[in-house]
Structure formats: structure tokens, C-alpha cells
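All remarks here apply to the structure that follows.
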Amino acid sequence: MKLTSMIPLAISSGLTQALLFGVVNGCIYILLATGLNLIFGVMKLVNFAHGELLMVGAFVAYQATTIAGLNPYFSILVSMASVALIGIALEKFAFRRVRGTEKLNEIFISLGLIYVFENLATLLWVENYSIQIPSPLVGLSIPLGDVQLSYDRILSIVIVIIILVGLVLLTKKTKIGLAMRATSQKSDAAMLMGININKVYTFTFAVGAALAGAAGALYGIILNFNPTIGALPTIKAFAIIILGGLGSIPGAVIGGLLYGIAENVTGYLSNGTWQNAVAFALLIVVLVIRPTGLFGEKGE
Amino acid sequence: MDFKAIWSQLIKYFRLRKYQYVIVAFVFVAVLPLFVGSEYLVGHVFTLMVIFALYASSWNLLAYSGQGSLGHAAFLGIGGFVSALISIRLGVPPVLGLFLGGLVSAGIGFLVGLACVRLKAWFLAMVTFGFSVIIVTIFSQYDEIFGGMMGFATPSFVPQGLAFYYGTLAIVASSIIAIFWVMNSKWGLAFKAIRENETEAKMIGINTAKYRLLAFVISTFFAGLAGGLFAESQLFIQNDIFSAENSFLPLIMAVIGGLGTIEGPIIGSIVIVSIDSFAPLAYPFLQPLNPLFPGVTNVGPSLTFVGLGLFLILVVIFLPKGITSLLPKLYTYLREGETKNKQKDTDKVMEK
């Protein structure tokens, strides 16, 4: 066979692989971005330390799997619960203290939290610096055309869909969801209607943190992780929110998929070097042309 | 304003007690290294304090106009690389290279600022952070120019040691005076108006885009200048200069010292560089804690950073105006002490 006829085939199968992996990574980013978006929408709070919650979630799931011997997919629940508790503490003892003061203060608090989380995690980490949650399904995969997609990745997509459906039901069908939506529209008026704003804020932050915890557990199942993985996903989640528009879950889904695919395809085409840079360049271009994001209606 | 008027203005300032303290502080900073024998203290700790004071001040000026950057290390690095490369490759005197590095940094800052003019607080923070990621990616592509992971040696505009300290101090002091002048000029007033309320600033006829851009250019110029000095003080430069930590440090310094004040970043720089330099002395005492933490062999560095993060959070919550806000209290305390002493003297006289 002539070499020239093989190259396009190789590129196309690699490209499909990159596309599929992009979708899976995008799903994890969607979870993170949705949590961030929820917190921002209801509380108008920017938490730059959101990705640290992802890292903590991954670490908790790892410990639950290796020490307690849980199934990694069950340990997602453990990680969601514990990260939600951490979230409640953060909201009560840090972010509530600066609510209503200058907007930059929240960024400063979350920067402090990044330092605390990253280094506490380094202190408490296990011996191997880069770790992965051992999954019982490892090595099993489905052939899709000429590429392989592992069971773990497929299951992650399913889990993300389940969580997102649960989130939509929570915000649209329950009383606390109604309170959250009311607060996000106008907190003063919601307060006058007898909604306990503080409770709503704490609940919202806990839900957002739980989403980050789930994202972390899935991240740990699919990819290697270490104490410093938190910073970049935060920024990526912000990028997705900006791409998808503030406060919309469908926007975050589209933005997350777009971002994941763009990142993986550029990474594939440039052997990984331009992966982060091109994705950010894309983001900057979008922001410069449309300061409110691709699908955003009004900016904050 | 003619020379005489400026001179009389200066004299007027110097008569104020506040400025006398500033002069005392400056003389202290200028004389101290002469009495400190340690080469490490002068060459690394003090010099670094002075350089980071300028870097944090440049960040502070940007925040003064309501724009928070999370990617200032990009400009620090551009200033450092450009000034070193210009001096090495083109044979430009290093002292000129420093300013050329600052100018290139300001030029790129102009372009980034142009992209950011319409963006609000966190979008801006995002874009600047993204820009620093892009810059480090570009710089690590061309190893033959930028030295790759190993970096390359930088020239010094004056010999290292005491001379370098004084040279740096001269450049930084005049730069900070320039920043002070900008903050108190008509431009500074416009920056402040934009920070408080951009819509209202626009309404009263301030060209907000122009002034935001101006703040960006001035800030990135000084960040680039600080970068050049930083690269020279370290004797070499590598891609590490673009690290996120270098982006966060000026912010932490400005916030801990006191955001929006001229002395805040300077005090913040002194505090943070001191913590960074002297914390290792405490590491041996932390050794007993090692068995508690399986992740590391030496708990010191990580615990220091945990402490730094907590310190930042506590300052933001309990001392929102930074350490600087304690200074007026100290000042009045000192003055009260003085008047009390005078009172005692007069009492004594009366008794007699």
C-alpha cells in the first residue's frame, strides 16, 4: 500500500478519537461549569477556587475507593456529599463575610482558598504524586468504527446526563428550586416574599460544590490527577460559562462540548503543545467580539 | 508650572509630618544595607522586596482603575525576556534594555487592554489569565531564542550586590513616585471614577475606554520594568517567570498591604518577601509534624503556603483596607504619646 493513502486514514481515526475524548472531557467541564454557573446565577458570586473542589472530590473518591474499598461509581456519591459539606463551610465562614462589599474581594478570598486547598492536599496526598482511581471496568472498551471508547468514558457521559437531569428537576420542580430562581432574579424581592436568602445561598453553594465533587470523581476515574489540577479547569469552566452565556444550563452544555472538542482537537493537531493556548485564544476572540458570550443575553 | 512653583510645592509637602515619615522611611531603606553585613540579605531579600514593591504597585495601579488582572506575570516575563535579549543580542546597555523591555511590555499591554476595554471584573480576570497561558505557550515553542526549560543568563546593569541594590532602589523609587503622581493627577481621578461606577463616569464625560487603556499601558510598562529588574537580580531567566504564582503575588501583596493606596503594595511586598525568605528558618521546628502528613517529606513549604492563603482570607475579611489602614492609628498613637509627653512637661513646669 502506498504511504500517501495511509496518512489521511490515520489522521481521520486520530481525529475521531480526539473528538470523542473531547466530548467526554467536555462532559466533566459541563458539570463544573454548571455548578459555577448556578452559584454565579443565584449568588452573583465568582468562586475562582471552584476547581479546587474538583480536586478535593477526586481525592475523596480515590480514598473512598482504595481505603474503604467502595466501587468507584458509588464513591462519586461519597465525594459529592463531602464536597458539599466543604462548600457549606466555605459559604458560611468565608464568602458570606464579604457579601455586599467590593466584587474584587470574592476573587481575593478564592485566591486564598486556592493556596489553602492546593497545599493542604499536597500535605495529605498519597505516596504516588499522580494517581488515578482504579476502576473495575479498566481495559474494557467498545469499538466505534476504527476507534475505541472505554466503558468508563461512556459511563461518565451517562452519569453527567443523569446529574444534569436531576439538577433541572431540582430547579424547576421543587420548592427550594423555586426559591433559588426567585433569588437569582431579584434577591431583595425574594427576601420580601419570605424566602430565607441565607438558606438559599448556602443550599446553592452546596449544590454547586456537589457538582464539582462529582466532576472530580469522574475526572479521577478517566484521567491522572495531582494536587495542582484544580486551577486550569476553573478557568476552563469560566470559559464555558462565557461561551454558553451566564445562567443557562443548555448554554453550558453546548459551551462545554464545544470547548472540550476544540481543546482536544487542537491538542491532537499540535501534539498537545497548543491545547490550552488555542482554547484560550478562542475564548478571548469570542469575548472581544461579544462581551456577553455566544449565547448570553445580558452581561453582568 | 515653573521650577520655583514646583520647589515651593515640594517644600510645602516636606513640612507636612506625613512626608517627613516618608523621608525617614526612605533614608532607613537606603542606609540599612550598609549596616547589614549579610550578602544574602541585601542581594536577595532586600533587592527582591524593592523589585516586588514596583511590581505590586503596577498591579495596584491597574486595580485603581477598577481592572483586576490575574495574568500580570505575562508582562513581568515579557519585560524580563525582552530586556535581557535586547542587551545580549543587540548589545544595548542593560540599563536601556530595562526600559525598552518595559516599553515592549506596555505595547503588548496596549493590545491586551484594547481587547479588554469592554469587559467587566471577572471576564477581565479570565482574559488576562488566559493571555498569560498563551504567552507561556508561545515562549516555550522557541527554545533557541528563549532558552527553553534551562533559560539563559542575564546581564546586570550594575554589578550585583550593594550596587545592584542601590541601582534598583533608584529606578523603583522614581517609578513609584511616578505612579504616585499618576494616581493623584487628573488621570488618577478618572481611574477612580471608573472604578466606582463606570456608567456614571461615562455620563459626566470621561472617555472611559481611553482611561482604562491608559491604566493598562502604564501598569504594564512598570510591570515590564520590574520584570527586567527581576530577571537581572536572579542572574538568569526561564519560562518559570510566567507561573501563575507570579501572577497572584502582586495581587496578594497589594491586598494585604492595602488596595488602592501608594504605600500598600510596598508594605505588602515587605511582608510577603519576608515570609518567603524567613519561613525556611522555621522548617526545622516543624519537623515533628512530618508523620502527620504522608504527602510530603518536608512539611515546611506547604504549611507556609497554607498559612499565606489563610492570612490573605483573614485580611480580606477582617482588615479589608489592608495593613496600611493600621498606620494612621499608629500615627495618631505616636502623636498622642508626644502630646502627652508635652503635657507632662508642662505639668512639671507648673508644679515647679
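Chains A and B are the protein sequences, given in the same order.
Straight run, no breaks: the first sequence in this note's numbering ends on number 360.
Straight run, no breaks: the second sequence in this note's numbering ends on number 354.
We put the CB at the ideal spot given by N, CA and C, even for glycine.
Quantities reported herein were computed from a predicted structural model and do not represent experimental measurements.
1) I'd like to know whether the C-beta atoms of G290 (chain A) and E151 (chain A) end up nearer to each other than 8 Å.
2) Any Cβ of chain A within less than 8 Å of the Cβ of P296 (chain B)?
3) So which residues of chain B does T333 (chain A) contact, with C-beta pairs closer than 9 Å?
4) Is the Cβ-Cβ distance between I88 (chain B) and G104 (chain B) less than 8 Å?
5) Return the Cβ separation of T334 (chain B) and G260 (chain B) in integer angstroms, given the expectation that the two are a contact with Cβ distance under 8 Å.
6) Mapping the DSSP letters down to three states, classify Q11 (chain B) as helix, strand or coil.
7) Tell me whether L209 (chain A) sits in a helix, a strand or coil according to DSSP, three-state version.
8) I'd like to confirm the pairing. Which residues does DSSP put opposite F154 (chain B) in its beta bridges?
9) DSSP state of F285 (chain A), grouped into three classes?
10) At 9 Å on the CB atoms, spell out the chain B contacts of A337 (chain A), in chain order.
11) Pull up the distance between the alpha-carbon of L56 (chain B) and that of I268 (chain B), whole angstroms please.
12) Using a Cβ-Cβ cut-off of 8 Å, state whether A291 (chain A) counts as contacting chain B.
13) Counting only runs of 4+ residues fully inside the segment 91 to 145 of chain B, write out the alpha helix (DSSP H) ranges in chain order.
14) Locate the alpha helix (DSSP H) running through S40 (chain B), then write down its first and last residues.
15) According to a CB-to-CB cut-off of less than 9 Å, which residues of the segment 174 to 186 of chain A neighbour chain B?
16) How long is the line joining the alpha carbons of G266 (chain B) and E323 (chain A), rounded to whole angstroms?
17) Give the straight-line distance between the Cα atoms of G268 (chain A) and L105 (chain A), rounded to the nearest whole angstrom.
18) Do the segment 241 to 252 of chain B and the segment 117 to 129 of chain B make contact, defined as three or more Cβ pairs closer than 8 Å?
19) What residue does the beta strand (DSSP E) around G202 (chain A) start on, and which one ends it?
20) Figure out for me which residue from B:H74, B:A233, B:G39 has the closest Cα to the Cα of F148 (chain B).
21) Ignoring anything shorter than 4 residues, give me the alpha helix (DSSP H) runs that lie fully in the segment 230 to 297 of chain B, in order along the chain.
22) Give a yes or no on whether 8 Å exceeds the smallest Cβ distance from S89 (chain B) to chain A.
23) Can you list the residues of chain B that I302 (chain A) reaches, using a CB-CB cut of under 8 Å?
24) Would you mind giving the Cβ-Cβ distance between M240 (chain A) and T262 (chain A), rounded to the nearest angstrom? I have them listed as a contact below 8 Å.
25) Count the other C-beta atoms from every protein chain shown that fall within 10 angstroms of the C-beta of W185 (chain A), then say buried if there are 16 or more, exposed otherwise.
26) Could you give the distance in angstroms between the alpha-carbon of Q123 (chain A) and the alpha-carbon of L164 (chain B)?
27) So, helix, strand or coil for I325 (chain B), using DSSP?
28) Are any of the Cβ atoms in chain B nearer than 8 Å to that of V106 (chain A)?
29) Going by beta-carbon coordinates alone, are G190 (chain B) and V257 (chain B) separated by less than 8 Å?
30) Counting only beta-carbon separations shorter than 8 Å, does L329 (chain B) have a partner in chain A?
31) For a contact meaning CB atoms closer than 9 Å, what does I181 (chain B) contact in chain A?
32) Please report the Cβ distance between S201 (chain A) and Y211 (chain A), rounded to the nearest whole angstrom; I am assuming they are in contact, meaning their Cβ atoms lie under 8 Å.
33) If you reduce the DSSP assignment to three classes, tell me which class I191 (chain A) lands in.
34) If you reduce the DSSP assignment to three classes, tell me which class K163 (chain A) lands in.
35) Alpha carbon to alpha carbon, what distance is there between L98 (chain A) and A270 (chain A)?
36) For N324 (chain A), which three-state DSSP category applies?
In terms of the structure at hand:
1) Residue 290 (chain A) sits at position 230 when you count from the first residue of the first sequence. Residue 151 (chain A) sits at position 91 when you count from the first residue of the first sequence. With a cutoff of 8 Å on beta-carbon distance, G290 (chain A) and E151 (chain A) are scored as not near each other.
2) Here the question's residue 296 (chain B) lines up with position 294 in the second sequence. For P296 (chain B), the nearest CB of chain A lies under 8 Å from its own CB, placing it at the interface with that chain.
3) Within the first sequence, residue 333 (chain A) is the residue found at index 273, counting from 1. What T333 (chain A) touches in chain B: T139, S142, Q143.
4) Counting from one through the second sequence, the residue named residue 88 (chain B) turns up at place 86. Counting from one through the second sequence, the residue named residue 104 (chain B) turns up at place 102. Against a cut-off of 8 Å, the Cβ pair of G104 (chain B) and I88 (chain B) comes out as no contact.
5) The sequence position of residue 334 (chain B) within the second sequence is 332, counting from 1. The sequence position of residue 260 (chain B) within the second sequence is 258, counting from 1. Between G260 (chain B) and T334 (chain B) the Cβ distance is about 17 Å, and since that is not below 8 Å, they are no contact.
6) Here the question's residue 11 (chain B) lines up with position 9 in the second sequence. When DSSP states are grouped into helix, strand and coil, Q11 (chain B) belongs to the helix group.
7) One-based indexing of the first sequence puts residue 209 (chain A) at position 149. Looking at L209 (chain A) - three-state DSSP - the assignment turns out to be strand.
8) The sequence position of residue 154 (chain B) within the second sequence is 152, counting from 1. In the DSSP output, where bridge partners are listed per residue, F154 (chain B) has B:I239.
9) Translated into the one-based positions of the first sequence, residue 285 (chain A) becomes position 225. In the structure shown, F285 (chain A) sits in a strand (DSSP, three-state: E or B).
10) For the purposes of this step, residue 337 (chain A) is taken as the residue at position 277 of the first sequence. G132, V135, I136, I137, V138, T139, I140, listed in chain order.
11) Taking the second sequence and counting its residues from 1, one reaches residue 56 (chain B) at position 54. Taking the second sequence and counting its residues from 1, one reaches residue 268 (chain B) at position 266. Rounded to whole angstroms, L56 (chain B) to I268 (chain B) spans 8 Å at the Cα level.
12) As a working mapping, residue 291 (chain A) is identified with position 231 in the first sequence. Chain B contact via Cβ: present.
13) Runs found: 96 to 118, 123 to 141.
14) In the second sequence, the residue the question calls residue 40 (chain B) occupies position 38. DSSP places S40 (chain B) in no alpha helix (DSSP H); its state is neither H nor E.
15) Listed in sequence order: I174, Y175, V176, F177, E178, N179, L180, A181, T182, L183, L184, W185, V186.
16) Position 264 of the second sequence, counted from the first residue, corresponds to residue 266 (chain B). Position 263 of the first sequence, counted from the first residue, corresponds to residue 323 (chain A). Near 40 Å, if we compare the C-alpha coordinates of E323 (chain A) and G266 (chain B).
17) Counting from 1 along the first sequence, the entry for residue 268 (chain A) is found at position 208. Counting from 1 along the first sequence, the entry for residue 105 (chain A) is found at position 45. Approximately 12 Å, taken between the alpha carbons.
18) Taking 8 Å as the limit for Cβ pairs, the verdict is that the segment 117 to 129 of chain B does not touch the segment 241 to 252 of chain B.
19) For this step, residue 202 (chain A) is matched to residue 142 along the first sequence. The sequence shown places Ile at residue 202 (chain A), not Gly. It spans 201 to 204 - the beta strand (DSSP E) in which I202 (chain A) sits, taken as one unbroken run.
20) For the purposes of this step, residue 148 (chain B) is identified with residue 146 of the second sequence, where counting begins at 1. F148 (chain B) has its Cα closest to that of B:A233, out of B:H74, B:A233, B:G39.
21) List check, alpha helix (DSSP H) in window: 246 to 259, 266 to 280, 285 to 288.
22) As a first step, residue 89 (chain B) must be located in the second sequence, where it is residue number 87. Cβ-Cβ to chain A under 8 Å: no for S89 (chain B).
23) For this step, residue 302 (chain A) is matched to residue 242 along the first sequence. Under a criterion of Cβ atoms nearer than 8 Å, the residues of chain B adjacent to I302 (chain A) are, in order, F125, M128.
24) Locating residue 240 (chain A) in the first sequence gives position 180, where the first residue counts as 1. Locating residue 262 (chain A) in the first sequence gives position 202, where the first residue counts as 1. About 11 Å separates the beta carbon of M240 (chain A) from that of T262 (chain A), a gap too long to meet the 8 Å contact definition.
25) Start at 1 with the first residue of the first sequence, and residue 185 (chain A) comes out as number 125. If you draw a 10 Å sphere on the C-beta of W185 (chain A), you find 16 or more other C-beta atoms in it, and that means buried.
26) Translated into positions along the first sequence, residue 123 (chain A) becomes position 63. Translated into positions along the second sequence, residue 164 (chain B) becomes position 162. The alpha-carbon of Q123 (chain A) is positioned some 52 Å away from that of L164 (chain B).
27) Counted from its first residue, the second sequence places residue 325 (chain B) at position 323. Note: I325 (chain B) maps to helix in three-state DSSP.
28) Reading the first sequence from its first residue, position 46 is the one you call residue 106 (chain A). Chain B places a beta carbon closer than 8 Å to that of V106 (chain A), counting this residue as a contact.
29) Numbered from its first residue, the second sequence carries residue 190 (chain B) at position 188. Numbered from its first residue, the second sequence carries residue 257 (chain B) at position 255. When the beta-carbon positions are compared, G190 (chain B) and V257 (chain B) stay at least 8 Å from each other.
30) As a working mapping, residue 329 (chain B) is identified with position 327 in the second sequence. No, L329 (chain B) lies away from the interface with chain A (no Cβ there is under 8 Å from its Cβ).
31) What you label residue 181 (chain B) is simply residue 179 of the second sequence in a count that begins at 1. The contact set of I181 (chain B) on chain A, defined by CB atoms closer than 9 Å, is empty, because the minimum CB distance reaches about 19 Å.
32) Numbered from 1 along the first sequence, position 141 holds the residue referred to as residue 201 (chain A). Numbered from 1 along the first sequence, position 151 holds the residue referred to as residue 211 (chain A). The pair is a contact, with the Cβ atoms about 6 Å apart (cut-off 8 Å).
33) In the first sequence, counting from the first residue as 1, residue 191 (chain A) sits at position 131. I191 (chain A) falls in the strand class under three-state DSSP.
34) For this step, residue 163 (chain A) is matched to residue 103 along the first sequence. Note: K163 (chain A) maps to helix in three-state DSSP.
35) Within the first sequence, the letter at position 210 stands for residue 270 (chain A). Within the first sequence, the letter at position 38 stands for residue 98 (chain A). Roughly 12 Å between the two C-alpha positions.
36) Position 264 of the first sequence holds residue 324 (chain A). It is helical.
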